[in-house]
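> I am attaching a structure below and will ask some questions about it afterwards.
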Amino acid sequence: MSNRLKDKVAIVTGAASGMGAAMVGRFAAEGAMVIAADISDTIEDVANRVEGQCLSIQVDVSSAADVRKMIALAKDKFGRLDVLCNNAGIQGPLAPTAEYDDDEWERVIAINLTGVYLGMKHAIPVMLETGGGSIINTSSMASIVAFPSLPAYSASKGGVSILTRLTAAEYASQGIRVNAIAPGAIDTGMTRNMPQDYLQGAIDATLMGRIGTPEEIASLALFLASDEASFITGTETAVDGGYTLV
Numbered sequence: 028m029s030n031r032l033k034d035k036v037a038i039v040t041g042a043a044s045g046m047g048a049a050m051v052g053r054f055a056a057e058g059a060m061v062i063a064a065d066i067s068d069t070i071e072d073v074a075n076r077v078e079g080q081c082l083s084i085q086v087d088v089s090s091a092a093d094v095r096k097m098i099a100l101a102k103d104k105f106g107r108l109d110v111l112c113n114n115a116g117i118q119g120p121l122a123p124t125a126e127y128d129d130d131e132w133e134r135v136i137a138i139n140l141t142g143v144y145l146g147m148k149h150a151i152p153v154m155l156e157t158g159g160g161s162i163i164n165t166s167s168m169a170s171i172v173a174f175p176s177l178p179a180y181s182a183s184k185g186g187v188s189i190l191t192r193l194t195a196a197e198y199a200s201q202g203i204r205v206n207a208i209a210p211g212a213i214d215t216g217m218t219r220n221m222p223q224d225y226l227q228g229a230i231d232a233t234l235m236g237r238i239g240t241p242e243e244i245a246s247l248a249l250f251l252a253s254d255e256a257s258f259i260t261g262t263e264t265a266v267d268g269g270y271t272l273v
């Protein structure tokens, strides 16, 4: 490895599995000191498997108190925060808009959108103390094209998309870069729990004809976190095998 994140401190939410766990592994392997955060009590297992410096913390990203505690851990243990990956998210149930459950709507929005807002709100002041940083938000190809029966998920990811651009504009002059990754169908627990016909339909519509891997998402996150992306902010990059191309 090339130590692309040497001496940087990174937080990854939704880190217990899938794309988040892949980000943690890549960041640590490239020299970062990483805090792996997830609501699952299995998050400690991820930290223990990583080769490099990694701490774990159980966090509900929709709780402001939990998010403040997560940010404080980075500052208390490592003295700074350079990278925040707001990756935690849930799909919610499949149902048309007029039949969608109100409580499920609130739950999906709280985790997927409010969680990103809280992460940025509490991370930015700490990043500013040391001259800036990189924030990477996980949106979705559902923020680009319509996915029927996913109203809460799609609305939350659309919100992440515009919040990314807005915050990038607000803090570009202060050294904070904010970008989003919009994954397509990726081999994670979320896609494995989808109805098979729904998932297969997404794969069939993917020009490359296959599902993506968490490592492919982590590779882009690593680039955006590194100084190699120092002139990139306010972008949303689709990693979807060509799904949204046509």
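Counting from 28, one number per residue, gives the positions in the sequence shown under our numbering.
Note that beta-carbon positions come from the ideal geometry of N, C-alpha and C, so glycine has one too.
Express the C-alpha separation of Lys-35 and Pro-210 in angstroms, rounding to a whole number.
When rounded, the distance between both Cα atoms is 25 Å.
> Would you mind sorting Glu-197 into buried or exposed? The rule is 16 or more other CB atoms within 10 Å of its CB.
Exposed, since its Cβ has fewer than 16 Cβ neighbours within 10 Å.
> If you run the structure through DSSP and keep just helix, strand and coil, what is Met-60?
Residue state, collapsed to three classes: strand.
> Give me the Cα-Cα distance between Met-60 and Gln-85, rounded to the nearest whole angstrom.
C-alpha separation (whole angstroms): 17 Å.
> Just list the residues that DSSP pairs Asn-164 with in beta bridges.
For Asn-164, which the question treats as bridged, DSSP gives the partners Asn-113, Ala-207.
> Hey, quick one: how far does the beta strand (DSSP E) through Ser-83 stretch, first residue to last?
Element bounds for Ser-83: 81 to 85.
> Taking the alpha carbon of Met-46 as the point to measure from, which residue in Val-88, Phe-105, Cys-81, Ala-115 has its own alpha carbon closest?
The candidate whose alpha carbon is nearest that of Met-46 is Ala-115.
> Within the stretch 189 to 250, note down every full alpha helix (DSSP H) run reaching 4 residues or more, in order along the chain.
The qualifying runs are 216 to 219, 223 to 231.
> Note down, in chain order, each residue of its chain lying with its Cβ closer than 7 Å to the Cβ of Ala-43, except the 5 sequence neighbours on either side.
Answer for Ala-43: Asp-65, Ser-67, Thr-69, Ile-70, Val-73, listed in chain order.
> Would the C-beta of Ile-230 count as close to the ligand HEM, meaning under 7 Å from any of its heavy atoms?
The ligand HEM is not part of the structure shown, which contains no ligands of any sort.
> Alpha carbon to alpha carbon, what distance is there between Pro-178 and Ser-253?
Distance between the alpha carbons of Ser-253 and Pro-178 is about 34 Å.
> Who are the Cβ neighbours of Ser-183 in its own chain at under 6 Å, not counting the five residues just before and after it?
The answer, listed in chain order, is Val-135, Ile-136, Asn-139, Leu-140.
> Have a look at Ser-188 and Ser-29 and give me their C-alpha separation to the nearest angstrom.
Whole-angstrom Cα-Cα distance: 31 Å.
> Considering only DSSP beta bridges, list what Asp-34 is partnered with.
None, per the DSSP bridge assignment.
> Can you tell me whether Phe-54 is buried or exposed, with buried defined as 16 or more other CB within 10 angstroms of its CB?
Buried: at least 16 other Cβ atoms inside 10 Å.
> Tell me, which residues are paired with Ala-265 by DSSP?
Partner(s): Ala-209.
> What residue from Phe-258, Glu-255, Gly-41 has the CA that sits closest to Pro-241's CA?
Closest by alpha carbon: Gly-41.
> Given a threshold of 16 other Cβ atoms within 10 Å of its Cβ, counted over all protein chains shown, does Ala-248 qualify as buried or as exposed?
That one is buried.
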